[in-house]
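Have a look at the structure below before the remarks.
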């Protein structure tokens, strides 16, 4: 593993959660190559699962050092600063995270394998970008609030870590309303000072409609 990959892995695992919204849709990476994927929306838990992950060496290594001129240009144009890019393999499991294994979720009839097909638990490959900047929760894009939290880091997936629609047993209703499979943007590291620096850099959505409706 290159020193750049090690640095990016440290950033990836250094945050408690990467959030689409801070109330229930998030992903967490641990240094021991485990993690957690959460999808909690409108009082419904669809996914509360541990996963295993690893970095994949890629021949198209884009994790080269970011030049000073690139950093300056990003700041001048109010664009995020690219910290680097990683190729990952993530394998979702049916296991509840340890911290909730004794909770009422253990008796749930919608969470994990009750809502997802077996294909959702097969290994999948992703490319992720880690950026530094001034961001709001992706779920609030298009719905500005005076009390919007600001975040200093953004994690962008080439495709959503949530299973695609075809891997949900009954996508009609809540999953179709939430369009979880379109969530590709997650943020971390709250900073109250960023709100004083003007408009967030992600106010133009990269992840499509971000509502969550249950019918």
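In my numbering, the protein residues as written are 93 to 307. Glycine residues also receive a C-beta, built at the ideal position from the N, C-alpha and C atoms. Just so you know, these numbers come straight off a predicted model, no measurement behind them.
Using the rule of at least 16 other Cβ atoms within 10 Å of the residue's Cβ for burial, across every protein chain shown, is residue 121 buried or exposed? buried
Relative to the C-alpha of residue 218, which candidate in 148, 131, 186, 175 has its C-alpha closest? 148
What does the alpha-carbon distance come out to for the pair residue 210 and residue 259? Distance between the alpha carbons of residue 210 and residue 259 is about 8 Å.
For residue 284, I'd like the list of residues in its chain whose CB is within less than 8 Å of its CB, leaving aside the five on either flank, ordered along the chain. 242
If you reduce the DSSP assignment to three classes, tell me which class residue 249 lands in. strand
Residue of 287, 291, 132, 178 minimising C-alpha distance to residue 221: Closest by alpha carbon: 178.
Taking Cβ positions, are residue 185 and residue 229 nearer each other than 9 Å? no
Measure how close the beta-carbons of residue 202 and residue 136 come, nearest whole angstrom, since I'm counting them as under 8 Å. 6 Å
Would you tell me roughly how many angstroms separate the C-alpha atoms of residue 245 and residue 224, rounded to the nearest one? 5 Å
Check each candidate in 111, 128, 188 and name the one with the smallest Cα separation from residue 280. 111
What are the boundary residues of the beta strand (DSSP E) that residue 223 is part of? That run of the beta strand (DSSP E) goes 216 to 227.
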